[in-house]
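Chemist:
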């Protein structure tokens, strides 16, 4: 199976390598073209523009850093739109907002081509190990055709229905995660201030019904008041805001998420936006 | 090793059986004495009063249903205090509040005996399988002597320092659990109302960094709006209240726990106190 | 002084009458032209289109029902833009959002004319009695020229600086009001449920440091669980949302407003959106 | 009419003077007896102990600084209990908790005497001007007999029913006040950070439906970040805690009070407990 691949950042490069290693023929493009060299050594072809990749391949996957990049690759000169057409499929795996995703979807559809938004859950390590979770939404036929690629890239993929549902599902998950991190931080501070050993709290939690990888991975550093950025607090806060905005539209009360969001805002006020989102612990603890 | 065992409710009976099966000599007592028969068949001796058990055994474990029962067994006629003395140890594994625990501790100490509070995390199943988590606090020497018994009863035991720390540790864990359950419920309602499949949300959560046994076990029933009581909501609310009271004394801000508690209160107002604590989902959803 | 006046709803009609009675020459327009008749009897001239009014008058005040009406009067055929020009002033006293206000401001400026946004605080009664509070922002010279008219319409007018500040000031005030109403409602329910007489609570409040017209006016009806719509709950909730969105942009934590907003959302979920915003009491009380 | 008066602190002295000036015969006592001299000059008799005052007077009013002083005056040697008896009345106007009030009530009742708790709303100024608000509860006959004195001491007195209701009413009022102060503080910070003039916000508020003496009196200092203690933040926080505890018992959800309380706790954590309760503004603003 032949696929195009646009965007060779940390995530995209790891994903493209996995496709190559699993026997896919891959044509890659990256804004800084020299980044394609490593892939070429592993057998990839190189496309000099997004439109060149689209022209060559029936299916093209994009993994860009943000909404601006995702839009630029599609709408700018030499972009996706110049060559996309009936019979081709475009799969955007970048994490973008609902609006960006819909804008790209509309433009691709107008050209008669098929579209999937397919944001992923998981960062560098899962990308390298083909252990991503893929939240796809849009054209179901295209989803079915992409399953072999998704099986290489992730441990599991979901088809969630209409475009926008992938982004929404990510918001719901990240909202729960933000509130949990806040509750966990409250627990750590309460334990510490009431004379309990915080490491023991981590051990007790890890043996019970709410044991989870996040507490396990982040807890020890948090006790040391260390918050090396994996998922920046400002992004977590943005996701809380967007989830709350979604809940506001449809009148779903979310008092815990709302309370958590206010501390994330406070943390940004205290210049912790670029720390890991676990730094909400620091804002509570100060 | 010989131990006394006071209280053969669901938890106590399973625990006493495990001790017998592992070769401990056990003398049991229960308020309704007939409940001792099954244990006698497995080789247990029977004590007709708490004081008789204490007199016979160097170590006595109690597993009573609530603070009233825990106090009654110690202070009433034919109770623990009548025979406890220097050289003996009393281990109360009931879940009681800090104050009750301290009252029992003071009385036992006055008699020259040793005391451990040792509440457990885990319910019927873990009790049967010897998979409890034991949160012990009080006399460290007594703890060391009890480790062989704790190894039979639980997958892990902790010594947490002075009397009261066992109860506090349980509060911290349950507070985090209550807030998590609230956040999870918000997520389920948000997903449902915004057109996402709730079962898919469960599947996505279970593959990610916040996957945990509680979401896995409770989620499917919650989607069905079914909340069969395992841990009653009114007890969860009480633990939220006590954790917040503790945080109030020592000035630890816990806005998420506070917000969650208000919904648990609302749920009690709506007569959901005897449902499972996952019924907070119902209060949000109505 | 001669002014144009666009929009003769409940508010606009009362305001135009006050101007006429104070000796202003007024040319009125309303979408349903027949509504101009009462004003004509009091001495007003009638303009058949917004552009006709603008052409005739150096200053034109608009008091429209919502952002759509405010935009339509300016941008549609026979609208304000067709005749507005250098030397003329346009004063929009409608309550609109920041974005709408800015859009109108830009279009008016492009034509070389001056602009003020001037939303008011106060409803029908204060409009009739010339007791509005006017929150003006935009062109300071135009503000100075309009002071004689503002003195007729309101008990006080403020010049708040750049366009957008009028809308923001209203948001801040309404946010405080929404949180206060929520706190007041909590107090009423707490008093009632703990056996205190609610009317007595009103009397006590009215004698103390937090006595205010809102508690005085709304309290007695709230005790009767009556919420006749003066300021609809859905509008209050929208203002809470917008104030929270503003605070989110600039990282100001507002945990009380956030908590209040969640109950307002809940109230809308329970179909109370068209009741008075004091119905948040009903949502707490149920 | 003759009354005894125990306690000549800032409040008590002002109140006793008012009684004297209105023609009451007053016998005063104070722990530091020299403080009685000023009153003697105005015509008061002096009692050397609380019991001496009780013996002499049919009615005795107490105005002590805190629960400890209120209990000591009643229960200690030479205290109220030694002389109180059938036919006499004891009126405790100190601000104490429900439990303290009930303890005193029980002891007084046992002696056959009548009791009123009658905490006041208002501080030094209103005490001097006879403008207190009196929240009486207990023996209704005694209340009726005391009305002439209450009319001198306050602008209004209420009879609230059984002992405990006076304390509860104060809690409800102070809870609303604390939440309002929090909402007001959020508004001040939001205005400041979004480029609005904070003094103008005060002016606008003071012209509208939520205008109240507290905003008017505290606002200007708060803008200057000055919080001279009138009602210490730690006392406000304690009242929030007690009001929340009351609501918890009877399952009344109070999410706004709960959110406000967390910031008051935070402020205490940041060592602002001895500042005025308006310093919650500082905690939000930092």
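Residue numbers (the working numbering), protein chains in the order written: chain A, 15 to 300; chain B, 15 to 300; chain C, 15 to 300; chain D, 15 to 300. For glycine and all other residues, C-beta sits at the position ideal for the given N, C-alpha and C.
1) What is the DSSP secondary structure of residue 22 of chain A, counted as helix, strand or coil?
2) Tell me residue 129 of chain A's beta-bridge partners as DSSP assigns them.
3) Mind listing which residues of the region 164 to 196 of chain B have their C-beta closer than 7 Å to chain D's C-betas, in chain order?
4) Which residues, in chain order, does the region 267 to 288 of chain D contribute to contact with chain E at a C-beta distance below 7 Å?
5) Would you kindly check if the distance between the Cβ of residue 218 of chain C and the Cβ of residue 204 of chain D is under 8 Å?
6) Return helix, strand or coil for residue 306 of chain A, following the three-state DSSP convention.
7) Could you check which residue in C:31, C:78 and C:79 has the C-alpha nearest to that of residue 59 of chain C?
8) Counting beta carbon pairs with one atom in the region 91 to 99 of chain A and one in the region 120 to 137 of chain A, are three or more of them shorter than 8 Å?
9) Which one or two residues does DSSP pair with residue 96 of chain D in a beta bridge?
10) Just checking residue 108 of chain A against the ligand GTP - is the residue's beta carbon closer than 7 Å to any of the ligand's heavy atoms?
11) Let me confirm a value: residue 255 of chain A is counted as buried when at least 16 other C-beta atoms fall within 10 Å, else exposed. Which label applies?
12) Is the distance from the Cβ of residue 225 of chain A to the Cβ of residue 275 of chain C below 8 Å?
13) Just the C-alpha distance for residue 88 of chain C and residue 122 of chain C, rounded to the nearest angstrom, thanks.
14) Using the three-state DSSP reduction, which class does residue 168 of chain A fall into: helix, strand or coil?
15) Show which residues of chain A have a CB atom less than 9 Å away from the CB atom of residue 227 of chain B.
16) Report yes or no: is there a C-beta of chain A within less than 8 Å of the C-beta of residue 45 of chain C?
17) Taking the alpha-carbon of residue 36 of chain C as reference, which of C:239, C:68, C:164 and C:259 has the nearest alpha-carbon?
18) Determine the closest residue to residue 246 of chain A out of A:233, A:282 and A:15, with distance taken between C-alpha atoms.
19) With 16 as the cutoff for other CB atoms within 10 Å, does residue 143 of chain A come out buried or exposed?
20) At a CB-CB cut-off below 8 Å, which residues of chain B make contact with residue 265 of chain D?
21) With a threshold of 8 Å between beta-carbons, can residue 262 of chain D be considered close to chain B, or not?
22) Cβ atoms of residue 76 of chain C and residue 115 of chain C: under 8 Å apart, would you say?
23) Give a yes or no on whether 8 Å exceeds the smallest Cβ distance from residue 298 of chain A to chain B.
24) Nearest to residue 215 of chain B by CA position, among B:157, B:22, B:201 and B:223, is which residue?
25) For residue 133 of chain B and residue 106 of chain B, I'd like the C-alpha separation in whole angstroms.
26) Grab me the residues of residue 21 of chain D's own chain with a C-beta within less than 7 Å of its C-beta, minus the 5 sequence neighbours each way, in chain order.
27) Taking only the alpha-carbon atoms, compute the straight-line gap between residue 26 of chain D and residue 233 of chain D and give it to the nearest angstrom.
28) Need the endpoints of the beta strand (DSSP E) that residue 40 of chain A sits in, please.
29) How big is the Cα-Cα spacing for residue 70 of chain B and residue 83 of chain B?
30) Using a Cβ-Cβ cutoff of less than 8 Å, which residues in the same chain neighbour residue 18 of chain C once the five nearest sequence positions on both sides are dropped?
31) For residue 193 of chain A, collect the residues of the same chain with a Cβ closer than 7 Å to its Cβ; drop the 5 residues on either side in sequence, then sort them by chain order.
32) Give me, in chain order, the residues of the same chain whose beta-carbon lies closer than 7 Å to that of residue 196 of chain A; leave out the 5 immediate sequence neighbours on both sides.
33) Once the 5 residues before and after residue 169 of chain A are set aside, which same chain residues still bring their CB inside 6 Å of it?
34) Rounded to whole angstroms, how far is the Cβ of residue 222 of chain C from the Cβ of residue 135 of chain D, which I believe are closer than 8 Å?
35) Taking the straight line between their C-alpha atoms, what separation do you get for residue 186 of chain D and residue 199 of chain C?
36) Quick one, are the C-beta atoms of residue 290 of chain A and residue 243 of chain A less than 8 Å apart?
Modeler: With the given structure in hand:
1) DSSP places residue 22 of chain A in coil when its eight states are reduced to three.
2) For residue 129 of chain A, which the question treats as bridged, DSSP gives the partners A:104.
3) Residues passing the 7 Å Cβ filter: none.
4) Checking the listed chains, one finds no chain E in this structure; the protein chains it contains are A, B, C and D.
5) Not a contact, by the Cβ cut-off of 8 Å.
6) Past the boundaries of the shown model lies residue 306 of chain A; chain A is included only from 15 to 300, so the question cannot be answered.
7) Closest in C-alpha terms to residue 59 of chain C, from the list C:31, C:78 and C:79, comes C:31.
8) By the Cβ rule, the region 120 to 137 of chain A counts as touching the region 91 to 99 of chain A, because three or more pairs are nearer than 8 Å.
9) For residue 96 of chain D, no pairing in a beta bridge is given by DSSP.
10) You won't find the ligand GTP in this model; it holds no ligand whatsoever.
11) Around the beta carbon of residue 255 of chain A, 16 or more other beta carbons sit within 10 angstroms, so the residue counts as buried.
12) With contacts defined as CB atoms closer than 8 Å, residue 225 of chain A and residue 275 of chain C fail to qualify as a contacting pair.
13) Each residue's CA atom was taken as its position, placing residue 88 of chain C and residue 122 of chain C some 9 Å apart.
14) Strand at residue 168 of chain A.
15) Simply 222, 223, 224, 225 and 226.
16) So, not an interface residue.
17) Out of C:239, C:68, C:164 and C:259, C:164 has the C-alpha closest to the C-alpha of residue 36 of chain C.
18) Measuring C-alpha to C-alpha distances from residue 246 of chain A to each of A:233, A:282 and A:15 identifies A:282 as the nearest.
19) That one is exposed.
20) Contact of residue 265 of chain D with chain B by beta-carbon distance below 8 Å involves 279, 280, 282 and 283.
21) Yes, because at least one Cβ of chain B sits closer than 8 Å to the Cβ of residue 262 of chain D.
22) For residue 115 of chain C and residue 76 of chain C, no; Cβs fall outside 8 Å.
23) Any Cβ of chain B closer than 8 Å to the Cβ of residue 298 of chain A would place that residue at the interface, and such an atom is present.
24) Across the set B:157, B:22, B:201 and B:223, the C-alpha of B:201 shows the shortest separation from the C-alpha of residue 215 of chain B.
25) Within the model, the alpha-carbon separation for residue 133 of chain B versus residue 106 of chain B is close to 7 Å.
26) Closer than 7 Å at the Cβ level, and outside the excluded window around residue 21 of chain D, lie 44, 76, 77 and 78.
27) CA-CA distance, residue 26 of chain D to residue 233 of chain D, rounds to 29 Å.
28) Where residue 40 of chain A is concerned, the enclosing beta strand (DSSP E) starts and stops at 39 to 43.
29) Each residue's Cα considered, the two are about 21 Å apart.
30) For residue 18 of chain C, where only same-chain residues beyond five positions count, the Cβ hits under 8 Å are 40, 41, 42, 43, 61, 67, 68, 70, 71, 73, 74 and 75.
31) Only 270, 271 and 274 meet the Cβ criterion.
32) Counting only residues of its own chain and dropping the five nearest sequence neighbours on each side, residue 196 of chain A has a CB closer than 7 Å to the CB of 274, 277 and 294.
33) Excluding positions up to five away in sequence, the list reads 145.
34) With a contact defined as Cβ atoms closer than 8 Å, residue 222 of chain C and residue 135 of chain D qualify at about 5 Å.
35) Between residue 186 of chain D and residue 199 of chain C, the C-alpha separation is close to 11 Å.
36) Taking 8 Å as the cut-off, the beta carbon of residue 290 of chain A is found closer than this to the beta carbon of residue 243 of chain A.
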